[in-house]
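One structure below.
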């Protein structure tokens, strides 16, 4: 991946592209993150019942 340098690519366009990439990654990992979060909550709930 080439870093955008030079007058043709102002800073704002580079930031915008990076944000769009972050959005794509978020969509891809959103379900995995949700599953992990649910597991954590379930473990915490189990610990609360045991104590």
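Residue numbers (full-length UniProt numbering): 1 to 51. By construction, the Cβ of each residue, glycine as well, lies at the ideal position given by its N, Cα and C atoms.
Cutting at 8 Å between CB atoms, please list the residues of its own chain near residue i, excluding the five before and the five after it.
i          : result
residue 16 : none
Measure the alpha-carbon distance for residue i versus residue j and round it to whole angstroms.
i          : j          : result
residue 29 : residue 43 : 21 Å
residue 25 : residue 34 : 14 Å
residue 21 : residue 38 : 26 Å
residue 27 : residue 46 : 29 Å
residue 48 : residue 41 : 10 Å
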